[in-house]
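Given below as structure tokens:
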């Protein structure tokens, strides 16, 4: 089975946002980056499916040269090869542009299954996977918690709201967006890191972008509430918090 | 015209459908709003929706819509869009919408702005506010492209009780062409895993842990605080994903929604998926080492610091 996994490189969780002078994007040069966490679960699921059914896992990412770092990391975790759709502007692009870029590079590969995370931790549109499925002409299902492959079809446990689930089936090839927590992640071994150095990263130029939205302004969110910040050494702050919870909020 | 797609399952309207109508009424300005409900046997639901102050309620009734599949719903909405040519289509940002809205927008090559929390302006010139970077930044976004623009509104961002009521909107039936041969998914009946052992919704006080707890062995520290506060222990999604606490203790969009008297968030950054599950708590306390963590935006009381120092101090203070 030939499985593709789409991976996005996003700022780390510890990153403190700094904006460009026109306040329409972040200062990318100040950010440190990591693999989008939901995509890491998609990669892990692909590796497990390969262990079960055989085949290849190809990781795909769209973005500037820096995204090769996450492709190398995915190769070190066990992916067989990588496709990098190169474009300086792809780091800030909307989901439709990213999906078009990935689709152009993936067409003709003949993937049986394409996996993505359910959304990215940066722009968080939650659209790239399904849009890519549409471009590739594949059926899709989203927010998947279990994947069973059988006789040219997939049977999927799809998460609904409030603790409900549903089994959905469809023919291959298909695209699935994977929910975090579907599996336990593996990390790269030293052997994997060494092996990754020899694996292929195919570079593809990005097609012309057709944006569907534009960021007018970015800002730090306004507080919904007047938060009372309690300062001081831990013991003092803790005692003061307990006093206010007892006397002001009457919550204890 | 603004078209709202109401969501229903098993003959009951999702409350978020009313929130989407409220958003559409705000977005519309002087433009008319229509509400469509899709399914099999939806007359009663259309009647319910007719209470809203809208120009028209549209019932799309087709046996192929009796259970949800993205392909059938996409064909139905594409048919509706062709029949009514709306300027904007508004949907509640539910799991179902997340599954089908990108398909429709991609097929029609139209803009889709998801998880919108506020709307600026009206009609075709409106811009939309949504969170980015896990709530660290707020973005104002303008769609680019031809009508209709598709917009999904975050659950809880608009108030269902703000829907303007009318004197009974006319209900019309629209039939759309759904090609059974083009529905690629087959579905089984929705189910729940073993009954939830913990009903966090009943708890007066909740102590919840997030990534800041760092390792499974530290969860016991949070449990001690919960005991000292006579609170239930809960967690954000990553903690349950790691198996450090069972899934039935998860608070957030994929877990339980709670509204206790007191909610103490330990080392929880406050990603929107968590906040939607707890923002209704009466008093919220956030303890986090990152002063810019979004959790402080919804907190009544905040302490910036190391939870491994503050939590033992809190337990000691509670004992005095």
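Residue numbers (our numbering), protein chains in the order written: chain A, 2 to 253; chain B, 6 to 325. For each residue, glycine too, the CB sits at the ideal point set by N, CA and C.
Leaving out five residues on either side along the sequence, give the residues of the same chain with a beta carbon under 6 Å from the beta carbon of residue i.
i, result
"residue 253(A)", "246 and 247"
"residue 32(A)", "12 and 16"
"residue 149(A)", "156"
"residue 252(B)", "245"
Less than 7 Å between CB atoms is the rule here; does residue i satisfy it with respect to chain B?
i, result
"residue 230(A)", "yes"
"residue 21(A)", "no"
"residue 171(A)", "yes"
"residue 165(A)", "yes"
"residue 101(A)", "no"
"residue 121(A)", "no"
"residue 131(A)", "yes"
"residue 201(A)", "no"
"residue 162(A)", "yes"
"residue 63(A)", "no"
"residue 182(A)", "yes"
Given residue i, which residues of its chain have a CB within under 8 Å of its CB, disregarding the five upstream and five downstream residues?
i, result
"residue 123(B)", "133, 134 and 162"
"residue 18(B)", "11, 12, 42, 50, 53 and 54"
"residue 96(B)", "9, 10, 12, 25, 102, 106, 155, 156, 157 and 158"
"residue 70(B)", "43, 44, 45, 77, 78, 81 and 183"
"residue 66(A)", "87"
"residue 164(B)", "24 and 27"
"residue 177(B)", "61, 62, 63 and 64"
Note down, in chain order, each residue of its chain lying with its Cβ closer than 7 Å to the Cβ of residue i, except the 5 sequence neighbours on either side.
i, result
"residue 264(B)", "285 and 286"
"residue 154(A)", "170, 171, 172 and 173"
"residue 93(B)", "7, 32, 153, 154 and 156"
"residue 37(B)", "6 and 60"
"residue 231(B)", "212, 237 and 238"
Check whether chain A comes within 7 Å of residue i, counting only Cβ atoms and requiring the distance to be less than that.
i, result
"residue 222(B)", "no"
"residue 159(B)", "no"
"residue 61(B)", "no"
"residue 303(B)", "yes"
"residue 122(B)", "no"
"residue 132(B)", "yes"
"residue 191(B)", "yes"
"residue 103(B)", "yes"
"residue 196(B)", "yes"
"residue 111(B)", "yes"
Cβ of residue i versus every heavy atom of the ligand ATP: is any distance shorter than 6 Å?
i, result
"residue 150(B)", "This structure does not include the ligand ATP; it has no bound ligands of any sort."
Per DSSP, residue i is paired with what?
i, result
"residue 167(A)", "159(A)"
"residue 238(B)", "212(B)"
"residue 306(B)", "229(A) and 290(B)"
"residue 147(A)", "158(A)"
"residue 7(A)", "61(A) and 117(A)"
"residue 125(B)", "132(B)"
"residue 206(A)", "87(A)"
"residue 314(B)", "None; residue 314(B) has no bridge partner."
"residue 66(B)", "44(B)"
"residue 61(B)", "39(B)"
"residue 259(B)", "Answer is none; residue 259(B) lacks a bridge partner."
Quick check on this structure: which residue in the options has the alpha carbon closest to the alpha carbon of residue i?
i, options, result
"residue 321(B)", "251(A), 243(A), 249(A) and 250(A)", "243(A)"
"residue 217(B)", "312(B), 192(B) and 106(B)", "312(B)"
"residue 146(A)", "24(A), 180(A), 189(A) and 198(A)", "180(A)"
"residue 16(B)", "66(B), 145(B), 315(B) and 60(B)", "66(B)"
"residue 234(A)", "108(B), 316(B) and 39(B)", "316(B)"
"residue 175(B)", "288(B), 63(B), 291(B) and 299(B)", "63(B)"
"residue 79(A)", "39(A), 126(A), 128(A) and 195(A)", "195(A)"
"residue 151(A)", "91(A), 197(A), 76(A) and 54(A)", "54(A)"
"residue 226(B)", "21(B), 318(B), 277(B) and 189(B)", "318(B)"
"residue 1(A)", "108(A), 63(A) and 97(A)", "Absent from the structure is residue 1(A), since the part of chain A shown begins at 2 and ends at 253."
"residue 34(B)", "254(B), 56(B), 129(B) and 40(B)", "129(B)"
"residue 197(B)", "96(A), 160(A) and 188(A)", "160(A)"
"residue 214(A)", "224(B), 188(B) and 146(B)", "146(B)"
"residue 87(B)", "179(B), 149(B), 144(B) and 167(B)", "179(B)"
"residue 109(A)", "138(A), 96(A) and 122(A)", "138(A)"
"residue 278(B)", "30(A), 251(A) and 125(A)", "125(A)"
"residue 176(A)", "141(A), 26(A), 48(A) and 60(A)", "141(A)"
"residue 39(B)", "186(B), 57(B) and 117(B)", "57(B)"
Problem - the region 223-235 of chain A contacting the region 292-308 of chain B, beta-carbon criterion three pairs below 8 Å - result: yes
Meets three-Cβ-pair contact criterion under 8 Å: the region 74-86 of chain B and the region 203-210 of chain B: no
Check whether the region 184-191 of chain A and the region 105-121 of chain B are in contact - that is, three or more C-beta pairs closer than 8 Å. no
Item to complete: May I ask you to verify whether the region 118-135 of chain A touches the region 164-172 of chain A, counting CB pairs closer than 8 Å and requiring at least 3?
Response: no
ask   = Are at least three pairs of beta-carbons, each pair with one atom in the region 211-225 of chain B and one in the region 264-284 of chain B, less than 8 Å apart?
value = yes
Meets three-Cβ-pair contact criterion under 8 Å: the region 5-13 of chain A and the region 54-74 of chain A
yes
Task: the region 210-223 of chain A in contact with the region 27-40 of chain B per 3-pair CB rule at 8 Å - done: no
Exercise. With contact counted as at least three CB pairs below 8 Å, one residue from each stretch, are the region 202-219 of chain A and the region 97-104 of chain A in contact?
Worked result: yes
Practice task
Pair every Cβ in the region 197-205 of chain A with every Cβ in the region 76-95 of chain A, then say whether three or more of these pairs are closer than 8 Å.
Solution key: yes
- Item | Interface positions of the region 137-161 of chain B facing chain E (Cβ-Cβ less than 8 Å), listed along the chain | Of the protein chains in the structure, A and B, none is chain E.
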